[in-house]
Every structure is written in C-alpha cells, then in structure tokens.
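Everything in the sequence shown is counted per the UniProt record's numbering, starting at 1 for the first residue and increasing by one.
Let me begin by presenting the structure, written as structure tokens, before commenting on it.
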Amino acid sequence: MKPWCWYCNRDFDDEKILIQHQKAKHFKCHICHKKLYTGPGFAIHCMQVHKETIDGVPNAIPGRTDIELEIYGMEGIPEKYMEERRRVLEQKNQETQKKKQNQDD
Ligand SMILES: [Zn+2]
Ligand SMILES: [Zn+2]
C-alpha cells in the first residue's frame, strides 16, 4: 500500500516523506515551532513546556483529530481505517481497469 497520511488523507511516495509531513503539518508546536513525532508527544510537549492543552491534531480532516492516537507514519493506524483504505484503493483499481477495458473496445 502506498504511504498515506491518516490525519489528512494525502498520498505520499515514500514513508520518510510522510513522516516529515506529519511532523511539519500535524505535530508541530504552534508556540515554539518544535516538531514532535506523534500526537500524544505533541500534547505532552505543549502541556509540559507551555502549560497548554491541545484539543485536536492541527490540519486534520474532521473526525481524524484524535490527539491520543499514537500514529507514526503508517504505524498505529487503527485496523478499521486500514481496511477502509484497502477497500477504497481496490474500488479505484477496478474503476481504472474498467476504463482501460472500455478504451480497448
Ligand atoms: Zn497529513
Ligand atoms: Zn512548543
């Protein structure tokens, strides 16, 4: 499966780029601009260093803002979302195959 960001549903060519993206977009402290590695790490940083509570992951799509989830790259994504993703990709594959078949006719 191609690397993708659970928080914003974007595709990436490389998991390293995905991790950089998550650090820069989703786990970056808005106060001191430090980049953290995970949601909980980010929340703990803000709590301990700035005495601030983080309600949700920044730049995430609605419903994917859970700061408690420890997601790093593609690790830690809940299985139900992985399954959902697989289904969506399969559907896309089938659609492109159908299109190809139609073009061949
Ligand atoms: Zn993202
Ligand atoms: Zn900070």
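Where a beta carbon is used, it is the ideal one built from N, C-alpha and C, also for glycine.
Taking DSSP as the reference, what is the three-state secondary structure of Tyr72?
strand
Is any non-hydrogen atom of ligand 2 found closer than 7 Å to the C-beta of Ile31, if you look at the structure I gave you?
yes
Between Tyr37 and Gln22, what straight-line distance do the alpha-carbon atoms span, to the nearest angstrom?
8 Å
In whole angstroms, give me the CA-to-CA distance for Gln103 and Val57.
43 Å
Report yes if the CB atom of Cys8 is closer than 8 Å to the CB atom of Ala43, and no otherwise.
no
Check whether the Cβ atoms of His45 and Lys34 lie closer than 8 Å to each other.
yes
Spatial distance of Gln101 from Val88 (CA atoms):
20 Å
Uninterrupted alpha helix (DSSP H) stretches inside the UniProt domain "C2H2-type" (29-50) (no shorter than 4 residues)
39-50
What does a CB cutoff of less than 8 Å around Asp55 pick up in its chain, not counting 5 residues either side in sequence?
Thr65, Ile67
Close beta carbons around Glu70, own chain, < 6 Å, minus the five adjacent residues each side
Thr38, Pro40, Gly76
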